[in-house]
Amino acid sequence: MASRVLSIEIGYSLTKVVEMDYNIKNPKIYKCFDFETPKGVLEDGVVTPSQEFRDSYVLACEKNEIKTKKVVFNVISSRIANREVTIPAVKSNKIAELLRANASEYFPVDVSKYCLAHNILEELGNKKDGKQYKLSVLAIPEELVFSYYKLAELCGLTVEALDYTGNSVLQAVKGGFETGTHLLVKLEENSSMLTVLNKGNVVLQRSIAYGISTAVNTLRETNAFGQNLTFSDAVTVLRRETCIWSQLGENFDYDYIEGEEPQETVIARGKITDSLNDLIRNIARIIDYHNSRSSEIPIEKISLIGVGADVSGLSRLITNELGIKVNVLKQVQNAVLTKAVQAEREVSISQYIACIGATLKPVEINANSKGAKGKKGGKSSFISKEKAEASQSMKEPIILVMVAVLIAGGLVGYPIIKKLSLQAAKDKLQSQIESLMPVQDTYNNYLSAKADFEELQAMYDSTTNPNENMLSFLEELEDKMPTSINVISFTASEEGVEMTMNVDSKPAAAKVLVQLRTFHSLASVETTELKTVEDETKKKTLEFTVTCLYKINTAAAQTPDNQTPATQN
30 MASRVLSIEI GYSLTKVVEM DYNIKNPKIY KCFDFETPKG VLEDGVVTPS
80 QEFRDSYVLA CEKNEIKTKK VVFNVISSRI ANREVTIPAV KSNKIAELLR
130 ANASEYFPVD VSKYCLAHNI LEELGNKKDG KQYKLSVLAI PEELVFSYYK
180 LAELCGLTVE ALDYTGNSVL QAVKGGFETG THLLVKLEEN SSMLTVLNKG
230 NVVLQRSIAY GISTAVNTLR ETNAFGQNLT FSDAVTVLRR ETCIWSQLGE
280 NFDYDYIEGE EPQETVIARG KITDSLNDLI RNIARIIDYH NSRSSEIPIE
330 KISLIGVGAD VSGLSRLITN ELGIKVNVLK QVQNAVLTKA VQAEREVSIS
380 QYIACIGATL KPVEINANSK GAKGKKGGKS SFISKEKAEA SQSMKEPIIL
430 VMVAVLIAGG LVGYPIIKKL SLQAAKDKLQ SQIESLMPVQ DTYNNYLSAK
480 ADFEELQAMY DSTTNPNENM LSFLEELEDK MPTSINVISF TASEEGVEMT
530 MNVDSKPAAA KVLVQLRTFH SLASVETTEL KTVEDETKKK TLEFTVTCLY
580 KINTAAAQTP DNQTPATQN
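Throughout, the numbering used here is defined as the position within the sequence shown, counted from one, plus 29.
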């Protein structure tokens, strides 16, 4: 019989739970349910264990007849740093050691305070040239990791694994997007994760600080669809009833028979629709960023998962606003729904896809010292280097006391002094750690601002071309060219212009070329040889063709040398 686990994802407003098989191929899913997360439990991925959360969890488990005590947590946080790296193809049990040794090259932070996690994305090369692994490497704050173990201990659970949402989503849909380029949007309460997949491989992964909570809270405030609704109640209403228009803009497609629907409800629909504006605009921003830097593989289709995926009318609204077909993903590629789950009308499978994926192939989280899986009761065996040293240091006084008792009673005071000295050193280090905590926030803000700059830079570059210099060229042409020239043809391209003209004499032709070479908007001027032509009146003129290339605005076309490409995943 397969071992069962609970896969839990704690959100700001809802906690999602899936009971399913673990460590087998094509695991079965037995239960899917959620309950409201008490306020203050979650803050940027870090959980604060509380009796209120434990009581809510126990009540939800009793209601759903859950006895399983093993757990896999699915986590997401802006404090988790993500990098793609390539390493030699070493044995799997040596990868963690290699990553730890080179961690400072991947992450410009004090890696001793982080747990590393990795996942093999693909194998590169061959035996002849040497194989390599392309890895997705995560640096996860120990504070975040330990917080989940403490919560598990409070709830009487044993931690089997922690997985990062970005990996969970990928594992759940693996094999489902083998052709074309797709955008997978995980809509949660306060944020959304966007993953671009091309032929099943991750091309880009970004998080945006917008989710479905604005629409949920707007619905609750209007009272048009129910009084005193909880967050969970409001989500259910949004799924059962179409509370939004098909395009942004209040009262867009209002075509009801007057008096059939209250004006209050019509106004509420407009407000709920408009509350989704920031979410849709930021999805569009990520799409534009991807399409501008990877124009050969533009996004063809969008799939929604998460809490907000099943909001009635949302897929149609996003389709109309972005011009890309949107659907709700309701199938899991690598797991099997039991008949009991399929019969649950209230269960939205798209909401639980990340929970399901977290159990399939979770990333391997490696602490700074030797660790193991979670112990009974959820106690973590992840021990930081500092804590290990402190533990070892505390053993020294005990040994010395034993020696002192055997040698002489006068040495009993030594371990006490040693302990006080160690305590003072520990307090000093703790003070230094606390004083440096704001640096992490500054670094996170820098990464966020840098990513935004690079996205905007890429979008700007995609909208510019050298032909924008044409106006400057025409102004100079009007100011500097002699009135005696006759332009026969004028052809413009992105790089420059080509003009065929005639003049009365060779000095006039020379003057034209000299003047053109003084144009600030031009990088080069080339001409064909002069040829004599006659018009219908037998008048002879000199005809020639000039090719002019624009100067490139290097400030707009290049990224500063000290800027590096944005993280892909």
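Heads up, the beta-carbon is just placed ideally off N, CA and C, and yes, glycines get one too.
Inset, instruction - Below 7 Å CB to CB, which residues in the same chain sit around Leu128 once its five sequence neighbours on both sides are set aside? - result: Leu145, His147 and Val166
Legend entry - Among Ser518, Ser323, Asp533 and Leu542, the one whose alpha carbon lies nearest that of Met488: Ser323
Inset, instruction - Check whether the Cβ atoms of Thr210 and Glu329 lie closer than 8 Å to each other. - result: Between Thr210 and Glu329, the CB-CB gap stays under 8 Å.
Legend entry - CB of Val104 within 8 Å of CB of Thr194, strictly: In contact: Val104 and Thr194 (Cβ atoms closer than 8 Å).
Inset, instruction - Kindly list the residues whose CB is nearer than 7 Å to the CB of Pro67, restricted to its own chain and excluding five residues on each side of it in sequence; keep chain order. - result: Ser79, Glu81, Phe82 and Ser85
Inset, instruction - Report the rounded CA-to-CA distance for Val295 versus Trp274, giving the unit in angstroms. - result: Approximately 10 Å between the Cα atoms of the pair.
Inset, instruction - Please find out if some non-hydrogen atom of the ligand NAD comes closer than 7 Å to the beta-carbon of Tyr475. - result: In the structure on display, the ligand NAD does not appear, and there are no ligands present to speak of.
Legend entry - Bridge partner(s) assigned by DSSP for Lys57: Val365
Legend entry - Residues bridged to Pro117 (per DSSP): Gln161
Legend entry - Proximity winner among Ala478, Phe62, Glu38 and Leu333, relative to Gly74 (alpha-carbon distances): Glu38
Legend entry - For Asp612, the first and last residue of its enclosing beta strand (DSSP E): Nothing can be reported for residue 612, as the shown portion of the chain is limited to 30 through 598.
Legend entry - Run of the beta strand (DSSP E) containing Ile334, from where it starts to where it stops: Lys330 to Gly335
Legend entry - Nearest candidate by alpha-carbon position, reference Thr574, set Thr556, Glu565 and Ile58: Thr556
Legend entry - Buried or exposed (CB count within 10 angstroms, at least 16 for buried), Gly240: Buried.
Legend entry - Option in Ala538, Glu94 and Lys163 with minimal Cα separation from Ile514: Ala538
Legend entry - In DSSP terms, what Leu153 is bridged to: Gln161
Legend entry - Same chain, Cβ closer than 8 Å to Phe136, five either side skipped, listed in chain order: Ala110, Arg112, Tyr143 and Ala168
Inset, instruction - Report back the beta-carbon spacing between Ser176 and Val76 to the nearest angstrom; my notes put them in contact at under 8 Å. - result: 5 Å
Inset, instruction - May I have the straight-line CA-CA distance separating Thr208 from Glu171, to the nearest angstrom? - result: 38 Å
Legend entry - Sub-8 Å separation of Leu267 and Asp303 beta-carbons: Result no, Cβ atoms of Leu267 and Asp303 do not sit closer than 8 Å.
Inset, instruction - Check whether the Cβ atoms of Lys98 and Gly159 lie closer than 8 Å to each other. - result: No, Cβ-Cβ distance for Lys98 and Gly159 is not below 8 Å.
Legend entry - Distance between Ser341 and Leu164 (C-alpha atoms, nearest Å): Going from the Cα of Leu164 to the Cα of Ser341 covers about 38 Å.
Inset, instruction - Output yes or no for whether 8 Å exceeds the beta carbon distance between Asn531 and Leu506. - result: no
Inset, instruction - Express the C-alpha separation of Asn311 and Lys54 in angstroms, rounding to a whole number. - result: 37 Å
Legend entry - Option in Arg249, Lys60, Ala238 and Thr566 with minimal Cα separation from Ala369: Lys60
Legend entry - Inter-stretch contact (C-beta, 8 Å, three-pair minimum) for the region 87-95 and the region 119-126: As far as the Cβ criterion goes, the region 87-95 does not touch the region 119-126, which means the pair count is below three.
Inset, instruction - Throw me the rounded Cβ distance for the Leu43 and Asp63 pair, which I believe falls under 8 Å. - result: That pair is a contact at about 5 Å.
Inset, instruction - Label Thr388 either buried or exposed according to how many other C-beta atoms from any shown protein chain fall within 10 Å of its C-beta, with 16 as the threshold for buried. - result: buried
Legend entry - Glu218 versus Leu451: straight-line alpha-carbon distance, rounded: 45 Å
Legend entry - DSSP-derived helix/strand/coil call for Cys577: Correct three-state label for Cys577: strand.
Inset, instruction - Return the CA-CA distance between Glu72 and Glu65, expressed in angstroms with no decimal places. - result: 15 Å
Inset, instruction - Write down the C-beta distance between Val101 and Ile385 rounded to the nearest angstrom, noting that I regard them as a contact closer than 8 Å. - result: Rounded, the Cβ-Cβ distance is 10 Å, inconsistent with contact.
Legend entry - Cut-off 8 Å between Cβ atoms - residues of its own chain near Leu258, not counting five sequence neighbours on either side: Leu248, Arg249 and Val266
Legend entry - Same chain, Cβ closer than 6 Å to Thr243, five either side skipped, listed in chain order: Ser304
Legend entry - Through-space distance from Glu350 to Ser344, alpha-carbon basis: 10 Å
Inset, instruction - Measure the alpha-carbon distance for Met510 versus Glu484 and round it to whole angstroms. - result: 42 Å
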